[in-house]
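Enquirer:
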Amino acid sequence: MNMPTFLTQNTQDSEEQWYFLAHYSQQLTKHIVNYGDSHNLYQGTDLNDAKDLSPILITINIDQRSALLNDIECERLKGLMLATKKTVPLTVLMQQLRQRLFVKFDKERKAIFHFQNPRVASHFFRQSLAQDTHAWMGNIKKLAWLDNVPWGSQQWEMIENNSLNLSQDASKTWLLTPSQENSLLNTIDDSTISYFFECFPEHYTQPQDWRWCYDILNYGALFSLEHIDDFKTFLALSFEFRPFTISVLKNQHEQSISLNQSATLQGYQIALQGMQENTIHGQ
1 MNMPTFLTQN TQDSEEQWYF LAHYSQQLTK HIVNYGDSHN LYQGTDLNDA KDLSPILITI
61 NIDQRSALLN DIECERLKGL MLATKKTVPL TVLMQQLRQR LFVKFDKERK AIFHFQNPRV
121 ASHFFRQSLA QDTHAWMGNI KKLAWLDNVP WGSQQWEMIE NNSLNLSQDA SKTWLLTPSQ
181 ENSLLNTIDD STISYFFECF PEHYTQPQDW RWCYDILNYG ALFSLEHIDD FKTFLALSFE
241 FRPFTISVLK NQHEQSISLN QSATLQGYQI ALQGMQENTI HGQ
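So the sequence shown is numbered by UniProt numbering: it starts at 1 and just counts up by one.
#1: Beta-carbon separation of residue 246 and residue 234 under 9 Å?
#2: Is it true that the stretch 117 to 135 meets the stretch 93 to 109, where meeting means three or more beta-carbon pairs spaced less than 8 Å apart?
#3: With 16 as the cutoff for other CB atoms within 10 Å, does residue 227 come out buried or exposed?
#4: Pair every Cβ in the stretch 39 to 48 with every Cβ in the stretch 63 to 71, then say whether three or more of these pairs are closer than 8 Å.
#5: Using 8 Å as the cut-off, can you tell me whether the stretch 56 to 67 makes contact with the stretch 102 to 113, which would need three or more C-beta pairs spanning the two stretches below that distance?
#6: Would you decide whether residue 120 is buried or exposed? Buried here means 16 or more other CB atoms lie within 10 Å of its CB.
#7: Please state whether DSSP places residue 238 in a helix, a strand or coil.
#8: Buried or exposed: where does residue 55 fall if 16 or more other Cβ atoms within 10 Å of its Cβ makes it buried?
#9: Expressed to the nearest angstrom, what Euclidean distance is found between the alpha-carbon atoms of residue 187 and residue 279?
#10: Residue 138: buried (16+ other C-beta within 10 angstroms of its C-beta) or exposed?
#11: If residue 159 and residue 143 are in contact, beta carbons under 8 Å, what's the gap, nearest whole angstrom?
#12: Check residue 79 in the structure and name its three-state DSSP category.
#13: Between the Cα of residue 15 and those of 83, 133, 179, spot the shortest distance and give me the residue it belongs to.
#14: Output the distance between the C-alpha atoms of residue 116 and residue 79, rounded to the nearest integer angstrom.
#15: With C-beta atoms as the reference, is residue 263 less than 9 Å away from residue 222?
#16: Who pairs with residue 109 in a beta bridge, going by DSSP?
#17: Please work out which residues of its chain come closer than 6 Å, Cβ to Cβ, to residue 88, disregarding the five sequence neighbours upstream and downstream, and give them in chain order.
#18: What residue range does the beta strand (DSSP E) around residue 51 cover?
#19: Three-state secondary structure (DSSP) at residue 157?
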């Protein structure tokens, strides 16, 4: 890949400082040793006891960009690139990032938030409302990540914050907005979809195949599916009868498919087979 335009020297704002927040991996320490200025995000927080598993914030120097991008594109490093105005002290950025390590949702439930993981970033930053993302960014002017996850665009994605909030209360845990909660729902389905494609790798040929599974599983909420193998079978049937599944999903609100009065896997299979037979016989 060519160097992303947001990092090229000719277009980069001279008032910006870029950083890379590296997601933890067992080889992380080995791969970042040559990048110099780095900071452990968990250190000094409630996660201090797990600091060996912490994401690491790296200051990006101009002469290190090409090497860093190569490490990211070769998947030796994964994470989130971010830029602030050079007037924002590193200590302020670290304070904000540490605040974002936790989120509240569903009233008072609290969780650790791995926003630097591209598998999370791809959903969270692309699918939340822009104003919610900008509010979350606070002092951060730009966010970028390589969207090379199975459902992603397979290119660099960048978000610019035009409404910097420099006066956020760093003592408060971030409360997920409704759009942010909805954006993370697909992360729940990802484990099911991953399992399905491990069992049926022939069905994955492009990112759209993965994204289509979200629509199928959303429709699957009408069925009494509990075990992961039930979801696997549901997805397998949908791919086996793909043209007819597309029709079902398109017309589901019009109830164009009969499920023999009960939404079961067997009823789903019978209905799809019936649609196929009607097509074969020209009905």
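Heads up, the beta-carbon is just placed ideally off N, CA and C, and yes, glycines get one too. All values derive from a computational prediction rather than experimental measurement.
Expert: Looking at the atomic coordinates:
#1: Inclusion of residue 246 and residue 234 in the CB contact set at 9 Å is not warranted, their separation being larger than that value.
#2: Not touching, per the Cβ criterion.
#3: It counts as exposed.
#4: The stretch 39 to 48 vs the stretch 63 to 71: no contact.
#5: Flag = no, the stretch 56 to 67 and the stretch 102 to 113 do not touch.
#6: Classification of residue 120: buried, given that the 10 Å Cβ count is 16 or more.
#7: It is helical.
#8: So residue 55 counts as buried.
#9: Rounded to the nearest angstrom, the two C-alpha atoms are 36 Å apart.
#10: It counts as buried.
#11: Correct: roughly 5 Å between the Cβ atoms.
#12: Strand, per DSSP.
#13: It is 83.
#14: Answer to the nearest angstrom: the Cα atoms are 5 Å apart.
#15: Going by beta carbons, residue 263 and residue 222 fall inside the 9 Å limit.
#16: For residue 109, which the question treats as bridged, DSSP gives the partners 105.
#17: 139, listed in sequence order.
#18: Neither: residue 51 is in no beta strand (DSSP E) and is coded neither H nor E.
#19: Here residue 157 sits in strand by DSSP.
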